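Here the sequence shown is numbered in my numbering, starting from 1 and rising by one per residue. These notes concern the structure reproduced below.
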Amino acid sequence: NNYVEHNAYSNMEEENLNICAGYDNGDIKFFDLRTMRLEHEVNVNNGVCAVNYDRKDTKKNKLICSTLEGNIYIFNLDVYNEVSGYSYSKDKIISGTCWGTPFLPQNRDIFATLGGDGNVT
1 NNYVEHNAYS
11 NMEEENLNIC
21 AGYDNGDIKF
31 FDLRTMRLEH
41 EVNVNNGVCA
51 VNYDRKDTKK
61 NKLICSTLEG
71 NIYIFNLDVY
81 NEVSGYSYSK
91 DKIISGTCWG
101 TPFLPQNRDI
111 FATLGGDGNV
121 T
């Protein structure tokens, strides 16, 4: 998620350079490229198939991850705790693999799930 915001107080631009990566062992890792460090990591117990930010041209807000077992994890990127990381919710969408969860570009509160059974919900 690459977003540049102009700070009126310091008259400087602040750039948000965050990357999220999902792994086949269930790890989801959040990296901050400004500080070059791992910001947070969580394990969701199933292989991660897709990771999607809600929009790339706005402040980070939501991130959604889908897994091999049909679960989705929606992370609220506005709520961060040093100990527990980002808050998230888990939903079981389908019984098979959920291959992707793209957001609707016009409304970042709407997303689709791409099921391994061919259904799009």
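Backbone N, C-alpha and C define an ideal beta-carbon position, used for all residues, glycine too. None of the values given here were measured: they were computed from a predicted structure.
### Query
Going straight from the alpha carbon of F31 to that of V120, what length do you get?
30 Å
### Query
What are the partner residues of L114, as DSSP defines its beta bridges?
G100 and V120
### Query
Using the C-alpha atoms, what's the distance from N18 back to R34?
Looking at the two C-alpha atoms, the distance is approximately 8 Å.
### Query
What residues match up with S87 in a beta bridge as DSSP calls it?
Answer is N76.
### Query
Does the beta carbon of K29 come closer than 8 Å to any beta carbon on chain B?
In the displayed structure, chain B is absent; only one protein chain is listed.
### Collapsed DSSP secondary structure at Y53 in the structure displayed
strand
### Task
Indicate whether G26 and G47 have their beta-carbon atoms separated by less than 8 Å.
yes
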